[in-house]
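In my numbering, the protein residues as written are 203 to 417. Ideal placement from N, C-alpha and C gives every residue a C-beta, glycine not left out. Fair warning: this is a prediction, and the values are worked out from it, not measured in the lab. Only one structure is covered here, and it is reproduced in the block below.
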């Protein structure tokens, strides 16, 4: 079981829960494969209060966000185009600010969360990672401030989970490593947009030195 694979976590560890929101669940506009399957395990993990620090991220897009396929004539969801010199996947409209689908999932008790990081609120820039936004018009990836927040609390190890495994959770793990944190990926508490990407995701994590837990 996942819980058996986790240490008794000390004050130098944090849990980062990525984008567990209704719009990413089955029936939502950007549904992850079996996304709702992570809810019981996540509920149990949060209830055990193993982590001194818990962070949740929340996709929080304004209407007419640049990543929405609806804003690009002649394009459909999951098309790719060039944006600021980088490939940009176009998504269905999702997690629009102040809509029910953008809320943190109501079946989860979020009382143990110390910080909520809202991302994707700039209409010009997509934002996958908990740590840094995607490249913008200036060619940079501005930070969300999360790395500094964790360092102020002497966090050394982060555990990442949530949605989607092959996009926002993966990018968050990559940026956690780049920021100098020991990084553990809670595989059973993630789901991808499509399971076709699972092998590539594992390979990428392994190359980065991320510890995959429970796979």
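In the structure shown, residue 213 adopts coil according to DSSP, grouped into three states. Residue 368: not part of any alpha helix (DSSP H); DSSP gives it neither H nor E.
Per DSSP, residue 403 lies in no beta strand (DSSP E); the unbroken alpha helix (DSSP H) holding it starts and ends at 400-410. Residue state for residue 353 is assigned as helix, using DSSP reduced to three classes. Residue 359 has 215, 384 as its beta-bridge partners, per DSSP. Look at the beta carbons and you see the segment 259-275 touching the segment 291-302: at least three pairs across the two are nearer than 8 Å.
Judged by DSSP secondary structure, residue 317 falls within the beta strand (DSSP E) whose first and last residues are 317-321. Residue 291: member of the beta strand (DSSP E) spanning 288-291, first to last residue. Per the coordinates, the alpha-carbon of residue 391 lies some 7 Å from the alpha-carbon of residue 243. In the three-state reduction of the DSSP assignment, residue 270 falls in the strand class, which pools E and B. Going by beta carbons, residue 227 and residue 235 fall outside the 8 Å limit.
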